[in-house]
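Participant:
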Amino acid sequence: MPENGATRHEHTDRVPYRAWAAGGYCTLTPGDVTDNSYVDNWISGGEREHGWKVDEVDYDGHNATDLAIKMCEERNNPDFCVEIAQTCAGQNLAVKGFRELLLQGRVVLEENPLLLWCLGNAIEVQNNFGDVKLNKKHKDDSQRIDPVAGGFNALARVLVKRQAPVDLSRALERKDFSL
Numbered sequence: 001m002p003e004n005g006a007t008r009h010e011h012t013d014r015v016p017y018r019a020w021a022a023g024g025y026c027t028l029t030p031g032d033v034t035d036n037s038y039v040d041n042w043i044s045g046g047e048r049e050h051g052w053k054v055d056e057v058d059y060d061g062h063n064a065t066d067l068a069i070k071m072c073e074e075r076n077n078p079d080f081c082v083e084i085a086q087t088c089a090g091q092n093l094a095v096k097g098f099r100e101l102l103l104q105g106r107v108v109l110e111e112n113p114l115l116l117w118c119l120g121n122a123i124e125v126q127n128n129f130g131d132v133k134l135n136k137k138h139k140d141d142s143q144r145i146d147p148v149a150g151g152f153n154a155l156a157r158v159l160v161k162r163q164a165p166v167d168l169s170r171a172l173e174r175k176d177f178s179l
């Protein structure tokens, strides 16, 4: 969230963003608008300074496409950034996967007031095919779900990668292949 908008958003959203930032639960970016170069520099800095191995960056295409293009160009890798569709089809695997992990007791939620607030603002929306996505309780409400949606974007990619198709050509070339 832009630092200069935090006070205004505290009034409209009725939550303490500045206190959450001071507690390390979120980052307020400099200025009046979201600074995508700040995000890019934060990721690059983590790679350099902390040895992060970033294989890809997953993003919601709303207002982040320019950042994704820049990051792909900087790394000379057109597949570095992956847009996650914010539709039932795009979110179905992650939402159902999270629900399953939660029911199995395999989800650990640290005491993070921002994340817990956002989880409380989120609901499942189902389409005619039975696919679900995450949504705000009220579309025009200021009750945000962004950190939760970001986590679900990452989970969607993890689950898709687990279900990656087998390369039949490679399988046929293996010595242990049989029918």
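Sequential numbering of the sequence shown, starting at 1, is according to full-length UniProt numbering.
Even for Gly, the Cβ is constructed at its ideal location relative to N, Cα and C.
Please classify T12 as buried or exposed, where buried requires at least 16 other C-beta atoms within 10 Å of its C-beta.
Facilitator: The residue is exposed, with fewer than 16 neighbouring Cβ atoms inside 10 Å.
Participant: Excluding sequence positions up to five away, which residues of its chain have a Cβ less than 7 angstroms from the Cβ of R144?
Facilitator: Once the five neighbours on either side are set aside, the close Cβ partners of R144 are D13, C118, N121.
Participant: Please report the distance separating the alpha-carbon of L116 from that of N76.
Facilitator: One C-alpha to the other measures close to 37 angstroms.
Participant: With a threshold of 7 angstroms on Cβ separation, who are the neighbours of G97 within its own chain once the five nearest residues in sequence on each side are excluded?
Facilitator: Closer than 7 angstroms at Cβ, skipping near neighbours: L155, L159.
Participant: Check each candidate in Y25, T7, G5 and name the one with the smallest Cα separation from L114.
Facilitator: Nearest C-alpha to L114: Y25.
Participant: Tell me the rounded alpha-carbon separation between G67 and N36.
Facilitator: A quick correction: the sequence has Leu, not Gly, at residue 67. If you take the alpha carbons of L67 and N36, they lie about 6 angstroms apart.
Participant: To the nearest angstrom, report how far apart E110 and E47 are at their CA atoms.
Facilitator: Rounded to the nearest angstrom, the two C-alpha atoms are 24 angstroms apart.
Participant: With 16 as the cutoff for other CB atoms within 10 Å, does W20 come out buried or exposed?
Facilitator: Answer is buried; the Cβ neighbour count reaches 16.
Participant: With three or more C-beta pairs closer than 8 angstroms as the rule, is the segment 57-64 touching the segment 82-93?
Facilitator: Counting Cβ pairs under 8 angstroms, three or more are found: they touch.
Participant: Output the boundary residues of the alpha helix (DSSP H) element that contains V95.
Facilitator: Segment 88-103, the alpha helix (DSSP H) holding V95.
Participant: Quick check on P2: does DSSP put it in helix, strand or coil?
Facilitator: Of the three classes helix, strand and coil, the one that applies to P2 here is strand, per DSSP.
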